[in-house]
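Position 160, counted from 1, in the sequence shown is what the working numbering calls 321; the numbers after and before it change by one each time, with no gaps. Glycine included, each C-beta is placed from N, C-alpha and C at the ideal position. As the structure is a computational prediction, the values presented were derived from the model and not from experiment.
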Amino acid sequence: MEQQLARTWWMPLVRGIAAVIFGILALIWPGITLLVLVIFFGAYAIVDGIVAIYSAYRHEVRSRAWAVALGVIGILAGLAAFIWPGITSLVLLYLIALWAIFTGIAEIADGIQLRKVISNEWMLILGGVLSVIFGVLLLLWPAAGLLSLVWLVGIFALLYGITLIALSFRLKKIA
Numbered sequence: 162m163e164q165q166l167a168r169t170w171w172m173p174l175v176r177g178i179a180a181v182i183f184g185i186l187a188l189i190w191p192g193i194t195l196l197v198l199v200i201f202f203g204a205y206a207i208v209d210g211i212v213a214i215y216s217a218y219r220h221e222v223r224s225r226a227w228a229v230a231l232g233v234i235g236i237l238a239g240l241a242a243f244i245w246p247g248i249t250s251l252v253l254l255y256l257i258a259l260w261a262i263f264t265g266i267a268e269i270a271d272g273i274q275l276r277k278v279i280s281n282e283w284m285l286i287l288g289g290v291l292s293v294i295f296g297v298l299l300l301l302w303p304a305a306g307l308l309s310l311v312w313l314v315g316i317f318a319l320l321y322g323i324t325l326i327a328l329s330f331r332l333k334k335i336a
């Protein structure tokens, strides 16, 4: 498994770079319209979902079905954002919140399993914890408004992307 992780170190790098770009764009344009936010989120969720499904078949994972399901959920969330761009901010907020919570739980579980292969590894667990916290915060304060959502999404995406990039370099060292 260690060799497989080392060979595919670039997968979390791609996901991390996509998250960082998404976060920067969200922070650069805080007055962003709902349509642009939906497009940014949709593109990110589709890329993340595709990479998650690809990873499920490239790595020996504890539950391939779970990894594929998370990838499919990401792709469907991204497609929904493109198909219904007039979606309300509240529906988008709940969509992002639930996606972040489910993805975070899966990454915490995967990070715990990864610790069996890489000693003292905590980046994927931290990314998962950040994802769950982000999702819960969105559910607790849904009326915060779209501008607040843009800032929360941007900051989350930057932090999350940085943890995935750090993980990818750690995996590359194994090679």
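- Secondary structure at Ser216: helix, using DSSP grouped into helix, strand and coil.
- If you check the CB distance, Ser292 and Gly265 come in under 8 Å.
- Measuring C-alpha to C-alpha distances from Ile214 to each of Gln165, Tyr255, Gly315 and Val229 identifies Val229 as the nearest.
- Taking C-beta atoms as the reference points, Gly177 and Leu313 fail to come closer than 8 Å.
- Spatial neighbours of Ala167 in its own chain (CB-CB distance under 8 Å, excluding positions within 5 residues in sequence) are listed in chain order as Leu332, Lys333, Ile335 and Ala336.
- Across the structure, Leu251 and Leu310 are spaced so that their CA atoms are roughly 10 Å apart.
- Burial of Trp260 is indicated by the presence of at least 16 other C-beta atoms within 10 angstroms of its C-beta.
- For Ser292, the three-state secondary structure derived from DSSP is helix.
- By the C-beta criterion, the stretch 197 to 206 is judged to be in contact with the stretch 235 to 247, since at least 3 inter-stretch pairs fall below 8 Å.
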